[in-house]
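Q: Each residue of the sequence shown is one higher than the one before, starting from 1046 at the first, in our numbering. Following this message is one structure expressed as structure tokens.
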Amino acid sequence: MSEQIVDIDPNAGFCFGVVTAIGKAEEVLASGQTLYCLGDIVHNEQEVARLAALGLQVIDHASLKSLRGAKVLLRAHGEPPSTYETAAASGIEIVDATCPVVLMLQRKIRRAYLDNPNRQIVIYGKAGHAEVNGLVGQTDGTAIVVEHETDISEVDLHRDMAVFSQTTKSAEGFEALCQRLRSQVSDGVTVECSDTICRRVSNRMAQMTAFAKQHDVVIFVCGRKSSNGQVLFEECRKVNPRTYQVAEVADVRAEWLEGAHVIGVSGATSTPKWQMQEVKDKVIQLIQYGKD
Ligand code: SF4
1046 MSEQIVDIDP
1056 NAGFCFGVVT
1066 AIGKAEEVLA
1076 SGQTLYCLGD
1086 IVHNEQEVAR
1096 LAALGLQVID
1106 HASLKSLRGA
1116 KVLLRAHGEP
1126 PSTYETAAAS
1136 GIEIVDATCP
1146 VVLMLQRKIR
1156 RAYLDNPNRQ
1166 IVIYGKAGHA
1176 EVNGLVGQTD
1186 GTAIVVEHET
1196 DISEVDLHRD
1206 MAVFSQTTKS
1216 AEGFEALCQR
1226 LRSQVSDGVT
1236 VECSDTICRR
1246 VSNRMAQMTA
1256 FAKQHDVVIF
1266 VCGRKSSNGQ
1276 VLFEECRKVN
1286 PRTYQVAEVA
1296 DVRAEWLEGA
1306 HVIGVSGATS
1316 TPKWQMQEVK
1326 DKVIQLIQYG
1336 KD
């Protein structure tokens, strides 16, 4: 038993976009002001609960319309222009925590849309995801979101197109989509692809794969709503089938650890370090006492 080693992945944890957003929220809350957040600040239930205990109140877009003169934080995912318009009309003060990487992508899409209104804007991403809604908003709602292969039927293959990606999608998936579109469009139609995947996410793939290979078992900690987390988890499981996803410490099971000598605890860019430490402590406890 004493030979077993439990490591926390040194590269796992919040990306700078999430760290900045949480820092901004904590700063406002520490000054005693009321702060609302449009949607969960991070796709991690425990971190959302921790900030709620400090006073952060999560609202949705419908409630935003009924607020007057409040302070509202926009999270790292970004928002469409309509949100800023609603806020301005209601005297709402925005604390803008849109990640600079997302902001740059929004501007790129806006420019592509305005520069050539005849060209289609295609976004490789998860339909309905907050970041994707913010991106679609840059095109006045006209962009076509391609999440699955079947969504390609929505694209007009006789018209030029500019293709972008949600920041957290896989680079391979984006490349495959671009190749497919190029092979299917009519002669003379241009398919301009811009790789807009966040390097913090795409670099994590290689780090994650190396970490997963070095461990007999990997416990991957991430909220079930985290799309970045799901992508990383799937990649991790591809190289190490003994990878298990947990949303919280109570999900860890003793039977997963059977026969494992080196156990790794990893997580998404939305997983707080404190939560990975909790899972590590639980694993050590299970190794020592052998039961949940
Ligand atoms: S994953 Fe990348 S784009 Fe998304 S919030 Fe983090 S740093 Fe920004």
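Every residue, glycine too, gets a C-beta built ideally from N, C-alpha and C. Since this is a predicted model, take the numbers as computed values, not measurements.
Taking all protein chains shown into account, do 16 or more other C-beta atoms lie within 10 angstroms of the C-beta of V1055, making it buried, or fewer, making it exposed?
A: Taking the first residue of the sequence shown as position 1, residue 1055 is located at position 10. This sequence places Pro at residue 1055; Val is not what is there. Flag for P1055 reads exposed.
Q: Nearer than 8 Å: is that true of the beta carbon of T1316 relative to any heavy atom of the ligand SF4?
A: If you number the sequence shown from 1, residue 1316 lands on position 271. False, no ligand heavy atom lies under 8 Å from that Cβ.
Q: Which ranges does the alpha helix (DSSP H) cover as unbroken runs of at least 4 residues, wholly within the stretch 1251–1332, from first to last along the chain?
A: DSSP runs (the alpha helix (DSSP H)) wholly in the stretch 1251–1332: 1272–1284.
Q: Can you say whether K1318 is buried or exposed, counting buried as having 16 or more other CB atoms within 10 angstroms of its CB?
A: Within the sequence shown, residue 1318 is the residue found at index 273, counting from 1. Per the 10 Å Cβ criterion, exposed.
Q: Taking 8 Å as the limit between beta carbons, can you name the residues of its chain near G1218, skipping five residues before and five after?
A: In the sequence shown, the residue the question calls residue 1218 occupies position 173. So the list reads Y1169, once near-sequence residues are dropped.
Q: According to DSSP, is D1342 helix, strand or coil?
A: Any answer about residue 1342 is impossible in this case: the structure gives the chain only from 1046 up to 1337.
Q: In angstroms with no decimal places, state the Cα-to-Cα distance between I1086 and N1178.
A: As a position in the sequence shown, residue 1086 is number 41, starting the count at 1. As a position in the sequence shown, residue 1178 is number 133, starting the count at 1. Answer to the nearest angstrom: the Cα atoms are 16 Å apart.
Q: Buried or exposed for M1321, please, with buried defined as at least 16 other CB atoms from any protein chain shown within 10 angstroms of its CB.
A: Along the sequence shown, one-based indexing puts residue 1321 at 276. Buried.
Q: Output the distance between the C-alpha atoms of I1067 and R1095, rounded to the nearest integer angstrom.
A: On the sequence shown, residue 1067 is found 22 positions in, with the first residue counted as 1. On the sequence shown, residue 1095 is found 50 positions in, with the first residue counted as 1. Spanning the two alpha carbons is a distance of roughly 11 Å.
Q: Across the stretch 1263–1270 and the stretch 1303–1312, are there enough close Cβ pairs to call them in contact, namely three or more that are closer than 8 Å?
A: Judged by Cβ distances under 8 Å, the stretch 1263–1270 makes contact with the stretch 1303–1312, as three or more pairs qualify.
Q: The ligand SF4 and H1122: does the residue's C-beta get closer than 8 Å to at least one heavy atom of that ligand?
A: Residue numbering aside, residue 1122 sits at position 77 when the sequence shown is read from its first letter. True, at least one ligand heavy atom lies under 8 Å from that Cβ.
Q: Which stretch, first to last residue, makes up the beta strand (DSSP E) that contains T1053?
A: Within the sequence shown, numbered from 1, the residue matching residue 1053 stands at position 8. Note that residue 1053 is Ile in the sequence shown here, rather than Thr. Segment I1050 to I1053, the beta strand (DSSP E) holding I1053.
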